[in-house]
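Undergrad:
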Amino acid sequence: MIVRREGDRRYCGTCFRAPEDTCTICGRVRQCYFAGTDQARCESCSSQLNPKECSSCGRLQRITRRMPDGSGLCARCALPDGACEVCGRTAKLRGSSPEGKRWCSSCSTKERRGREGDCAECGGRGQIHRFGLCHSCSYAAGLRELLSGSDGTLRPDLDPVLRALHRGDPASGLNWLSNRAPKTLLPQLAAANGPVTHELLDDLGLSRAVAHIRAVLVTSGVLPQRDEHLARLERWLGEALRQVADPAERRIVKSFATWHHLRRLRRAAETAPVTYSQVNVARRDIQAGIALLGFLRARGSSLATASQAEIDIWLDGTSWMRHLARNFVVWAVRNRHASGIDIPPTQSDLTTVVIENDRRWKLVRRLVDDAQIDLGTRVAGLLLLLFAQPLSRISQLRVEQVGHQNSGVTLAIGEVPLQLPPPLDDLVDELVRHRRGYTAKSSDDDSNPWLFPGALPGQPLTAKRIMHRLQPLGIRARPTRNTTLFELSAELPAVVVSRLLGLNIDTATKWNRRAGATRAAYAAEIARRPRSSERKRSDRS
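Residue numbers 35 to 575, in my numbering, belong to the letters of the sequence shown in order.
(1) Going by the beta-carbon positions, is the gap between alanine 425 and valine 443 smaller than 8 Å?
(2) Tell me whether aspartate 480 sits in a helix, a strand or coil according to DSSP, three-state version.
(3) So, serine 429 versus proline 494, is the Cβ gap smaller than 8 Å?
(4) Whether or not the region 356–371 and the region 277–293 are in contact is what I'm after, with contact meaning three or more pairs of Cβ atoms, one per stretch, closer than 8 Å; do they touch?
(5) Is it right to say isoleucine 539 is buried, meaning 16 or more other beta carbons lie within 10 angstroms of its own, or is it exposed?
(6) Name the DSSP beta bridge partners of histidine 502, please?
(7) Measure the alpha-carbon distance for proline 281 versus cysteine 79 and round it to whole angstroms.
(8) For the region 195–203 and the region 247–266, state whether three or more C-beta atom pairs, one from each stretch, are separated by less than 8 Å.
(9) Could you tell me if tryptophan 545 is buried or exposed, where buried requires 16 or more neighbouring beta carbons within 10 angstroms of its beta carbon?
(10) Roughly how many whole angstroms lie between the Cα atoms of cysteine 141 and leucine 208?
(11) Closest to glutamine 321 by C-alpha separation, out of Glu283, Ile447, Ala340, Pro451, would be which residue?
(12) What residues in its chain sit with their C-beta under 6 Å from that of leucine 504, if we drop five residues either side in the sequence?
(13) Take phenylalanine 329 as the anchor and find which of Trp348, Val313, Trp365, Leu420 has the nearest alpha-carbon.
(14) Helix, strand or coil: how does DSSP classify leucine 661 here?
(15) For arginine 394, count neighbouring C-beta atoms within 10 Å of its own C-beta (all shown protein chains included) and say buried if the count is 16 or more, exposed if not.
(16) Looking at the secondary structure, which residues open and close the beta strand (DSSP E) in which glycine 151 lies?
(17) Which residues mark the beginning and the end of the alpha helix (DSSP H) in which leucine 522 is found?
(18) Using DSSP with H/G/I as helix, E/B as strand and the rest coil, what is alanine 474?
(19) Tell me whether valine 529 is buried or exposed, calling it buried when 16 or more other Cβ atoms sit within 10 Å of its Cβ.
(20) Which residue's Cα is closest to the Cα of valine 120: Arg136, Ala109, Val256?
(21) Whose C-beta lies closer than 6 Å to the C-beta of glycine 176 among residues of the same chain, with five residues either side of it excluded?
(22) Along the chain, where does the alpha helix (DSSP H) that runs through leucine 419 open and close?
(23) Rounding to the nearest angstrom, what Cα-Cα distance links leucine 188 and serine 441 in this structure?
(24) Less than 6 Å between C-beta atoms, sequence neighbours within five positions excluded: which residues of the same chain meet that for histidine 163?
(25) Tell me the DSSP secondary structure of histidine 371 in three-state form.
(26) Can you list, in chain order, the residues of its chain with a C-beta nearer than 7 Å to that of serine 336? Leave out the 5 residues immediately preceding and following it.
(27) Roughly how many whole angstroms lie between the Cα atoms of proline 53 and cysteine 153?
(28) Looking at the secondary structure, which residues open and close the alpha helix (DSSP H) in which glutamine 312 lies?
(29) Would you please state the rounded distance, in angstroms, between the beta carbons of valine 308 and leucine 299? I believe it to be under 8 Å.
(30) Of the residues Ser206, Pro204, Ala243, which one's Cα is nearest the Cα of glutamine 222?
(31) Starting from valine 443, trace the beta strand (DSSP E) in both directions and tell me its first and last residue.
(32) Can you name, in chain order, every residue of its own chain whose Cβ lies under 6 Å from the Cβ of leucine 522, other than the five neighbours on each side?
(33) What's the gap between the Cα of histidine 263 and the Cα of alanine 303?
(34) In its own chain, which residues sit with a C-beta less than 7 Å from the C-beta of proline 194, not counting the 5 before and 5 after it?
(35) Among Cys118, Trp484, Arg399, which residue has its Cα nearest to the Cα of valine 436?
(36) Let me check one thing: in DSSP terms, what residues is arginine 178 bridge-paired to?
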């Protein structure tokens, strides 16, 4: 549709670019309608100007067409109904082909996205997105517009942010930029002072848009690496401590969280990323400690004066956290915040949660044969079913752990590279070549380190997401892993299981005993056998 005429030249809504002016509504320098007058307004403000209820759909929208009875229609409802001359469907007709055929909204969008031309900004030939600009220039213009201040200038601290965000695929970036969240967050970064830091992003909340921006900046080197699970726990701890009214109790809870959990997690973070499960355990222990202190305070007691009888009353209650307070109580007694109290450990046998071995092999055959299942889900499920790998370790696998030798494909998950059996070796090799995350890969990053790329740039797929993919297939992580460990421990010595699967030797030994396949007697028998030289001398004599 022609929206602008300048002499003999005509411009459609895609190619026309309004002149820049200061919008009289938002105060920003943008492409404005009625530029040069006291009524200049940008496209965004114009679309939100005087919204009224559409007589057709009932939504509050800008009215673009009036019916004979005076009722108004929004832009979508004002489109005429008819049969699309491209796909044949009866729908709202929007635009037309060069031959004059009427197109529906879907076909019109596909045609507009596929139209090629010379970019008015960079001069390169490619698909034109809007205002005569290619996707890359349109994305850069959109980012610059949102990151610019009220005076239309981009402060120097945001230059690296603009470059980092623009590194990704421009088409995916334009789709992301069309959402409401980045249109809100990027102007907030523009209104802030100083460089963009982790603390500044923390103040913007925990939305997915903030996580996306943070991941892009970390991957590009604009922000330093940070363990997000650990940082999220620290932020949660600050909020939880504010809920404890008594200062003495607050100090005890803070000491427990700092010296029992945070110190251990910070040490672990130096060698490997902290997992969600580790943080969740720490959070539950702290919550249980706060709940126990509240229970004692309600009874007119405290942690220092609590008796075992009061602890027994707490254990007889209905709170789901009553046994989880054991770590807090043990720590409090050890550090002399309490005395004479104890919460006994709960006896749980994880090996009782299993599945039938026939069921396990049925799931293996399905993952091997069903090509309709996502490739990454098939590989993750087979690593769980065949080698008892926990989902937290599967999610952290890197491409560099996959090796190729004369004997085939190997996977380094323990001290010794594991030889993958067919057809798992072909599936893993295909995953390395065709793995795909859920975000646009940076144009200058030809290799992704993760075997299972995640939704955020530079981040792996989380164990929780892998679990959500396996559950519809009937695969539950803990029972399946227990069954696999039973079978492997019954067939292999503990040291072999430990070296190949990356298990602690004590854990492998315990599973070996549970499977009833201890080889201590066999080893002792081998040690008692006479050596071949001794046997020869005895035969001669």
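Here a beta-carbon is modelled for each residue, glycine too, at the ideal position from N, C-alpha and C.
Please read all numbers here as calculations on a predicted model, not as lab measurements.
TA: Per the coordinate set shown:
(1) Residue 425 sits at position 391 when you count from the first residue of the sequence shown. Residue 443 sits at position 409 when you count from the first residue of the sequence shown. The question names alanine, yet the displayed sequence has leucine at residue 425. No, the Cβ-Cβ distance between leucine 425 and valine 443 is not below 8 Å.
(2) Position 446 of the sequence shown, counting from 1, holds the residue named residue 480. Model confidence at aspartate 480 stands at a pLDDT of 46, short of 50, so the residue's coordinates are unreliable; what they give is reported in the following sentence. Looking at aspartate 480 - three-state DSSP - the assignment turns out to be coil, as it is neither helix nor strand.
(3) As a working mapping, residue 429 is identified with position 395 in the sequence shown. As a working mapping, residue 494 is identified with position 460 in the sequence shown. Taking 8 Å as the Cβ cut-off, serine 429 and proline 494 qualify as a contacting pair.
(4) yes
(5) As a first step, residue 539 must be located in the sequence shown, where it is residue number 505. Exposed is the call here.
(6) If you number the sequence shown from 1, residue 502 lands on position 468. For histidine 502, which the question treats as bridged, DSSP gives no partner whatsoever.
(7) Numbered from 1 along the sequence shown, position 247 holds the residue referred to as residue 281. Numbered from 1 along the sequence shown, position 45 holds the residue referred to as residue 79. Answer to the nearest angstrom: the Cα atoms are 50 Å apart.
(8) yes
(9) Residue mapping note: residue 545 aligns to position 511 of the sequence shown, counting from 1. Answer is buried; the Cβ neighbour count reaches 16.
(10) Position 107 of the sequence shown, counted from the start, is the residue given in the question as residue 141. Position 174 of the sequence shown, counted from the start, is the residue given in the question as residue 208. Taking the straight line from one Cα to the other gives about 19 Å.
(11) Numbered from its first residue, the sequence shown carries residue 321 at position 287. For the residues Glu283, Ile447, Ala340, Pro451, the minimum Cα distance to glutamine 321 belongs to Glu283.
(12) As a working note, residue 504 is residue 470 in the sequence shown. Excluding residues within five positions, the ones whose Cβ falls inside 6 Å are Gly415.
(13) Stepping through the sequence shown from its first residue, residue 329 is reached at position 295. For phenylalanine 329, the nearest C-alpha among the options comes from Trp348.
(14) What is shown of the chain runs 35 to 575, which leaves residue 661 out entirely.
(15) Residue 394 sits at position 360 when you count from the first residue of the sequence shown. Arginine 394 is buried by the Cβ-count criterion.
(16) Stepping through the sequence shown from its first residue, residue 151 is reached at position 117. Unbroken beta strand (DSSP E) run through glycine 151: 150–152.
(17) Numbered from 1 along the sequence shown, position 488 holds the residue referred to as residue 522. Leucine 522 -> alpha helix (DSSP H) spans 511–525.
(18) Numbered from its first residue, the sequence shown carries residue 474 at position 440. At alanine 474 the pLDDT is 44, less than 50, meaning the model places this residue with poor confidence and gives no usable figure here.
(19) On the sequence shown, residue 529 is found 495 positions in, with the first residue counted as 1. Looking at its Cβ environment, which holds fewer than 16 other Cβ atoms inside 10 Å, valine 529 is exposed.
(20) If you number the sequence shown from 1, residue 120 lands on position 86. Selected option, being the one with the closest Cα: Arg136.
(21) In the sequence shown, residue 176 corresponds to position 142, counting from 1. The answer, listed in chain order, is Leu211.
(22) Numbered from its first residue, the sequence shown carries residue 419 at position 385. It spans 409–421 - the alpha helix (DSSP H) in which leucine 419 sits, taken as one unbroken run.
(23) Numbered from its first residue, the sequence shown carries residue 188 at position 154. Numbered from its first residue, the sequence shown carries residue 441 at position 407. Taking the straight line joining both Cα atoms gives about 57 Å.
(24) Looking up residue 163 in the sequence shown gives position 129. Excluding residues within five positions, the ones whose Cβ falls inside 6 Å are His169, Ser172.
(25) Within the sequence shown, numbered from 1, the residue matching residue 371 stands at position 337. DSSP places histidine 371 in coil when its eight states are reduced to three.
(26) Translated into positions along the sequence shown, residue 336 becomes position 302. Counting only Cβ-Cβ distances below 7 Å, and skipping sequence neighbours, we find Leu330.
(27) Taking the first residue of the sequence shown as 1, we reach residue 53 at position 19. Taking the first residue of the sequence shown as 1, we reach residue 153 at position 119. Taking the straight line joining both Cα atoms gives about 18 Å.
(28) The residue given as residue 312 occupies position 278 in the sequence shown. Run containing glutamine 312: 310–332, per the alpha helix (DSSP H) assignment.
(29) For the purposes of this step, residue 308 is taken as residue 274 along the sequence shown, with counting starting at 1. For the purposes of this step, residue 299 is taken as residue 265 along the sequence shown, with counting starting at 1. Rounded, the Cβ-Cβ distance is 5 Å, consistent with contact.
(30) On the sequence shown, position 188 is the one that residue 222 refers to. Per the Cα distances, Ala243.
(31) The sequence position of residue 443 within the sequence shown is 409, counting from 1. Residues 442–445.
(32) As a first step, residue 522 must be located in the sequence shown, where it is residue number 488. Result list for leucine 522: Val531, in chain order.
(33) By 1-based counting over the sequence shown, the position of residue 263 is 229. By 1-based counting over the sequence shown, the position of residue 303 is 269. Approximately 10 Å between the Cα atoms of the pair.
(34) Your numbering for residue 194 matches position 160 in the sequence shown. Here the set comprises Val256.
(35) Along the sequence shown, read from residue 1 onward, the residue named residue 436 stands at position 402. Nearest of Cys118, Trp484, Arg399 to valine 436, Cα basis: Trp484.
(36) Sequence index remark: in the sequence shown, residue 178 carries index 144 (1-based). According to DSSP, which records beta bridges pairwise, arginine 178 is partnered with nothing at all.
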